[in-house]
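Take a look at the structure below.
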DNA sequence: TCAAGCAATGAAACCGATTGCATATATTTG
DNA sequence: CAAATATATGCAATCGGTTTCATTGCTTGA
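Now the structure itself:
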């Protein structure tokens, strides 16, 4: 439990003032090269480590980035965080992470904690409930950059990082139409969130552009959980006329739908073609394998951190402080292939 | 971008000294109740927030917990982290998280960063490669508590939080024996890590106790990834005599094995009964559903943080500063049920 | 030879909260 | 009523780097 070494201790040892030690350690140009070398050598020997509080206190920044996320334990979000951690470490920043558990109240509490912790910048993906952005005002009014990712909101001062959800949904829906679907349902999440409302729009426009009727009865809004998927499937099974296509806004829910439908004797994709969203690992486990939209989580996380660090380093340039779009892509698998793969599928189901 | 309010500003406003403001804000007993109320009222109005650097600098602690984890984006680990975040927030602590990506080198770098960030305590799950604990010495020698969870190591000064891997593996293997398996293989991870070596032991002892031969040829050690699972399955398919049981140390790998075996025309569980580990969501998606060991990730995370906070608050009691064991349980599903469920299974595969 | 210019270093203030010790007033006790 | 004890508050030092503004000693050019 030895005492910590400070620059004063080093100063005494080397026979210089703390000022010079500080400068030497920070590679200040006005310090003689030999002095720097000697200082860094002695510092190493003595086991010196800088006291970040003292430094932060004086410099008024923390080298810490705050992250507020709806849930940590989803395949997508943990991948995003993983990317963030990577970029943050590379850039010499620490990450403080908290989850809103999809409630506005916790999101506000988290924002407050982040504010008190004086993070240099904030990375936010909004909860289901969030419908105003007051709790981020303290940051914005003090010039602390806030960047939204994935679940974003419009704000004058904030950058958003997203995929083109509308386009992705448009492509997914169009693909179902190409497969011959004419009665396509859509299951999605809370429409307050851009990701879900944009996907709904993409779905809708694709129908309209293909001269198919858009019908509100064909929309189910739920929380996209496993249970919700089961319920949605039950609801679908009760319909007079079954849909022949189903576009679901995440994979967890889509998979749970498929399972329930299969148990009820419905064949996927022959009776109902299904597409999910996120391209989680389960897509390649469910039978039939699930067509899904590949979502670049890790890149999104990295990009968010990099964009933030760029801003913190003063580059008002570089990022037009607006919206950054990432590419996504439709990964086509059996679950949506009505025509050609029917044979293949039966072949698989009867291995002998 | 207004300047921050300090206790000096409040002092001026209320007409008291900064000392009293500080004490009032910290609910110090020597301050008059009315004064406290007035101070907290004015502080609220002025939008005061405490400067944690100044406070930390003076108090010499950070209210921050460091977490080093092999990977963030695994279902199990993200669940653990989720539990940690919950407990930390409740206890008024922040979490700084970094990942070692299974390399010793990154783990050491992470430890250094955590040390420089002066975390109050450290929560660690070891990387595959780690074989010495030098990089944690700086913490230990300064009395900063280090707690290992899941992937732990023996250390005089450190608490470990684990499940009884030996027992869990013993039960899993015994279950396979009960199902009539006599030639059981085991796929597991790097044996440096307790979780894998203990599971191997459990497997071994179960065989011995059931008078079955233990054979090193029946052990495959890999990194338990999806690809590794496929390779392992290929390797198994080339064997002269196929095993009739397979116990895999995680679900990702187990599922990938099952997929590959099925593609090769092997029936699970009829030909090979399979058990995984972790009880990830995919267990209930793969066909047949995978028997697995349920691993209380969220609880483990919560417990780790709570134990740490207890230690930080001086309770040398409470935790016998040794090993804490969590309960795990074998969740039996179709993939391991040779006998009774064969009929049920065929019923499912031929829905019509 | 001397003023100007530069390189290297230091003294002291500062960041904002905390705390040991001292002080001033109020209350109690003998 | 004086002494003893509480009660409430303030002074000033402290935590450990950072930074502004000198200062010192040399080199350089006229």
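Residue numbers (the working numbering), protein chains in the order written: chain A, 1 to 352; chain B, 1 to 352.
C-beta atoms are modelled at their ideal positions from N, C-alpha and C, and glycine is treated no differently.
The model shown is predicted, which means the values in this text are computed figures rather than measured ones.
From the DSSP output, which residues share a beta bridge with residue i?
i                      : result
residue 325 of chain B : B/162
residue 99 of chain B  : B/69
residue 94 of chain A  : A/64
Can you look up residue i in the DSSP assignment and give me helix, strand or coil?
i                      : result
residue 185 of chain B : strand
residue 318 of chain A : With a pLDDT of 48 at residue 318 of chain A, under the threshold of 50, the predicted position of this residue should be treated as unreliable, and no value is reported.
residue 5 of chain B   : coil
residue 362 of chain A : The question about residue 362 of chain A has no answer, for chain A in this structure spans 1 to 352.
residue 339 of chain A : coil
residue 117 of chain B : coil
residue 225 of chain B : coil
residue 293 of chain A : strand
residue 40 of chain A  : helix
residue 17 of chain A  : coil
residue 333 of chain B : coil
residue 149 of chain A : strand
residue 157 of chain B : coil
residue 11 of chain B  : helix
residue 285 of chain A : coil
residue 220 of chain A : strand
residue 278 of chain A : strand
residue 210 of chain A : coil
residue 79 of chain A  : helix
residue 242 of chain A : coil
residue 174 of chain A : helix
residue 191 of chain B : coil
residue 26 of chain A  : coil
residue 202 of chain A : helix
residue 48 of chain B  : coil
residue 31 of chain B  : coil
residue 311 of chain B : helix
residue 352 of chain A : Because the pLDDT at residue 352 of chain A is just 31, under 50, the model does not fix this residue reliably, and the value given afterwards should be weighed accordingly. The answer is coil: DSSP assigns residue 352 of chain A none of H, G, I, E or B.
residue 74 of chain B  : coil
residue 143 of chain B : coil
residue 105 of chain B : helix
residue 303 of chain A : helix
residue 353 of chain A : Within the shown structure, residues of chain A are numbered from 1 to 352, placing residue 353 of chain A beyond reach of any answer.
residue 133 of chain B : coil
residue 215 of chain A : coil
Please classify residue i as buried or exposed, where buried requires at least 16 neighbouring CB atoms within 10 angstroms.
i                      : result
residue 190 of chain B : buried
residue 93 of chain A  : buried
residue 97 of chain A  : buried
residue 180 of chain A : exposed
residue 303 of chain B : buried
residue 23 of chain A  : buried
residue 339 of chain A : exposed
residue 141 of chain B : exposed
residue 269 of chain A : buried
residue 290 of chain B : buried
residue 203 of chain A : buried
residue 280 of chain B : buried
residue 245 of chain B : buried
residue 216 of chain A : exposed
residue 29 of chain A  : exposed
residue 194 of chain B : buried
residue 297 of chain A : buried
*Run through the segment 246-275 of chain A for me and flag every whole beta strand (DSSP E) of 3 or more residues, listed as ranges in chain order.*
273-275
_To be precise: take each residue of the segment 43-54 of chain A, compare its Cβ to all Cβ atoms of chain B, and keep it if any distance is under 9 Å. Which residues remain?_
47, 49, 50, 51, 52, 53, 54
*Could you name the residues of the segment 81-98 of chain B whose beta carbon sits closer than 7 Å to any beta carbon of chain A, in the order they occur along the chain?*
81, 82, 85, 89, 94, 95, 96, 97, 98
*Going along the chain, which residues of the segment 285-303 of chain B sit with their C-beta nearer than 9 Å to a C-beta in chain A?*
285, 286, 287, 297, 298
_To be precise: take each residue of the segment 214-232 of chain A, compare its Cβ to all Cβ atoms of chain B, and keep it if any distance is under 9 Å. Which residues remain?_
226
*asked:* For the segment 117-128 of chain A, list every residue whose C-beta sits within 8 Å of some C-beta in chain B, in sequence order.
replied: 117, 118
*Could you run through the segment 175-193 of chain B and flag, in chain order, every residue whose CB is less than 8 Å away from some CB of chain A?*
none
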